[in-house]
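**Student:**
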Amino acid sequence: MSSVTQQPKYHVVCRECPVERLFEDGDEATDLERKHAKETGHRIVVGRVR
Ligand SMILES: [Zn+2]
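In our numbering, the protein residues as written are 561 to 610.
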């Protein structure tokens, strides 16, 4: 599949429910953040991990 690269990963976690996901793409992480916040009104945090 894809070659091994050192891409940053984004840890998306909701403070108010068990939603938690990892993304390699920051745009996808932001997309989940926005969608989840819009749908639920929850506070969701995007962190960066290595
Ligand atoms: Zn939530």
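We treat Cβ as the ideally placed atom computed from N, Cα and C, and that holds for glycine.
Quick caveat, the model's predicted, so the values are computed rather than measured.
1) Between which two residues does the alpha helix (DSSP H) holding GLU599 run?
2) DSSP three-state call for CYS574: helix, strand or coil?
3) Roughly how many angstroms separate the alpha carbons of LEU592 and VAL579, rounded to a whole number?
4) In this structure, how does DSSP classify VAL605 when only helix, strand and coil are distinguished?
5) Name the residue from VAL573, GLU584 and CYS574 whose alpha carbon lies nearest to the alpha carbon of GLN567.
**Tutor:** In short, the structure shows the following:
1) In the DSSP annotation of this structure, the continuous segment of the alpha helix (DSSP H) that includes GLU599 starts and ends at 586-600.
2) CYS574 sits in a strand when the DSSP states are folded into three classes.
3) Whole-angstrom Cα-Cα distance: 10 Å.
4) VAL605: strand per DSSP, three-state reduction.
5) Shortest Cα-Cα distance from GLN567 to any of VAL573, GLU584 and CYS574 involves GLU584.
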